[in-house]
Amino acid sequence: MPLRSDDIFVVTFPKSGTTWTQELVWLIGNDFNYEKAAAKLLTERFPFLEGSLFFNGEKAKKALLDSCNGDVVKMKILEEMSKPGYEVVEKLPSPRYIKSHLPLSLLPPSLLDTTKVVYVARDPRDVAVSYFHHNRLFTLGGFTGDFEQFWESFHKDMLDWTPYFEHLKEAWDKRNHPNMLFIFYEDLLKDLPEAVRRVAKFLNKPVNDEQLERLCNHLNFHNFKNNKSVNNEPMREFGFLAENESFIRKGKAGGWRDYFDEKMAAQAQRWIDDNLRGTDLRLPQKN
Ligand code: A3P
1 MPLRSDDIFV VTFPKSGTTW TQELVWLIGN DFNYEKAAAK LLTERFPFLE GSLFFNGEKA
61 KKALLDSCNG DVVKMKILEE MSKPGYEVVE KLPSPRYIKS HLPLSLLPPS LLDTTKVVYV
121 ARDPRDVAVS YFHHNRLFTL GGFTGDFEQF WESFHKDMLD WTPYFEHLKE AWDKRNHPNM
181 LFIFYEDLLK DLPEAVRRVA KFLNKPVNDE QLERLCNHLN FHNFKNNKSV NNEPMREFGF
241 LAENESFIRK GKAGGWRDYF DEKMAAQAQR WIDDNLRGTD LRLPQKN
C-alpha cells in the first residue's frame, strides 16, 4: 500500500478510544470544520483500513449478504464495507486520515518514517468489557456468550486483533519516534484539553483557547453520544445493531470491576504483570 508523507493514522487495539481520537485528530487537521464533520460520516472521512476483513472469503461475504434477506439498502451498505481499505484510501485526496487496529508489525514497514501515527492505549480490562459489548452490539457477528466466556477468549489471544499486549508493546517501543504520538485513553478522560494540545502540537497545528473550548465541548461524552456522524447509530435503522446496546456506551475508566469476579480479577492481574515484566510500560493508575 503506497503511503503519502502527509497521511495521518490513528492506530489502536479495538475499543481503546479510537473513534474519539479520530474525531479529535480530524477536526484539528481540518481547521475545526464542524460543518464538514457533521455532513459526512466519520467512517467516510477517516476510513478503517482493514474493515473489510469481516468479509474475508466468499463464504463470509455470502453469509453476511444472506443475513440481509434481500434488503437492497442493507446489501449495498455491506458491499461498500467489503471494499478493501487500500483501494478506498487510494482514492482519497491528501491529507488522508486512516484508522487501523492492526499492530505496527502488520502495517507498512515504512509507516513511521513516512506518516504520522497517533496510537491510543487503554487498560485491557476496560478494553475487554467494551469489546464484549461491541460484539453484542453488532448483531452480524452472532456473538451470544457471557462476559466470562469473552474474557477467556480475550486474554488467551483468540479474538480479532489480539494478542493485546504485543500490539501495545510494539507501539510503546516506538513511542519516542518523532512521527509517533502515544497516548492513553485514560489521559483523554482525565484532561481532555491537555490531550487536544498534545495532538495539535504533534500535527503542527495551532489551537487557541476558544478553539480548544469548542472542540472539548464537541468531544464531550454526551455530545459525542448524540452525534450521528460518529456514534454509528445510522446503522441501527438498517437493523445491524442490538436494541439494548450502543457504540458510545459508558466512556469511563475502571468499569471492569463490575464484570470481573475475584478469581477473574486475580487472573487478569497476573496476566498483566506477566506481560509487563521486563518492560517500562505501566498501565494508567487509579483504575
Ligand atoms: P466503553 O464501551 O467503555 O464505554 P473505540 O472507538 O476504539 O471503539 O472505543 C470505544 C470506547 O470509547 C467506548 O468505551 C466508548 O464509550 C468510548 N468513547 C467514545 N467516545 C467517547 C467520549 N467522547 N468520551 C469518553 N469515552 C468515549
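Read in UniProt numbering, the sequence shown has 281 at position 281, and its numbers run on one by one without any break.
Heads up, the beta-carbon is just placed ideally off N, CA and C, and yes, glycines get one too.
Query, Result
"Using CA coordinates, which residue listed in Ile-77, Phe-240 and Phe-224 is at the minimum distance from Gly-142?", "Phe-240"
"State the Cα-Cα distance for the pair residue 291 and Ala-195, rounded to the nearest angstrom.", "The first residue shown for the chain is 1 and the last is 287, placing residue 291 beyond what the model contains."
"Mapping the DSSP letters down to three states, classify Thr-43 as helix, strand or coil.", "helix"
"Assign Tyr-34 to buried or exposed, taking buried as 16 or more other Cβ atoms, counted over all protein chains shown, within 10 Å of its Cβ.", "exposed"
"Have a look at His-167, Phe-224, Asn-220 and Pro-163 and flag the residue whose alpha-carbon is nearest the alpha-carbon of Asp-191.", "Asn-220"
"For the region 241 to 255 against the region 266 to 277, do three or more pairs of beta-carbon atoms, one drawn from each stretch, fall closer than 8 Å, so that the two count as touching?", "no"
"When DSSP labels each residue in this structure, what does Lys-205 get in the three-state scheme?", "coil"
"Ala-128: which of Phe-138, Ser-16, Ser-229 and Thr-144 sits nearest, CA to CA?", "Ser-16"
"Cβ of His-155 versus every heavy atom of ligand 1: is any distance shorter than 8 Å?", "no"
"Does the Cβ of Lys-76 have 16 or more other Cβ atoms within 10 Å, making it buried, or fewer, making it exposed?", "exposed"
"What residue range does the beta strand (DSSP E) around Ser-100 cover?", "97 to 100"
"Given Gly-85, which residues of its chain have a CB within under 7 Å of its CB, disregarding the five upstream and five downstream residues?", "Pro-47, Phe-48, Leu-49, Glu-50, Gly-51 and Ser-52"
"Compare the beta carbon distance of Leu-203 and Lys-116 with 9 Å and say whether it is the shorter of the two.", "yes"
"Are Asp-126 and Lys-252 touching if we call contact CB-CB under 9 Å?", "yes"
"Taking Thr-18 as part of the alpha helix (DSSP H), name the residues at either end of that continuous run.", "18 to 29"
"Run through the DSSP bridge pairs and tell me what Thr-162 is partnered with.", "Thr-162 pairs with nothing; no bridge assigned."
"Does DSSP classify Ile-272 as helix, strand or coil?", "helix"
"With three or more beta-carbon pairs closer than 8 Å as the criterion, would you say the region 91 to 105 touches the region 58 to 76?", "no"
"Would you identify the three-state DSSP class for Thr-12, choosing helix, strand or coil?", "strand"
"I'd like the list of long-range same chain contacts for Ala-38, defined as Cβ closer than 7 Å, with 5 residues on each side in sequence excluded.", "Ser-229"
"Just checking Leu-283 against ligand 1 - is the residue's beta carbon closer than 8 Å to any of the ligand's heavy atoms?", "no"
"Out of curiosity, what's the CA-to-CA distance linking Phe-147 and Pro-206?", "43 Å"
"What do you reckon, are the CB atoms on Leu-181 and Phe-32 nearer than 9 Å?", "no"
"Please state whether the Cβ-Cβ distance between Thr-279 and Lys-169 is less than 9 Å.", "yes"
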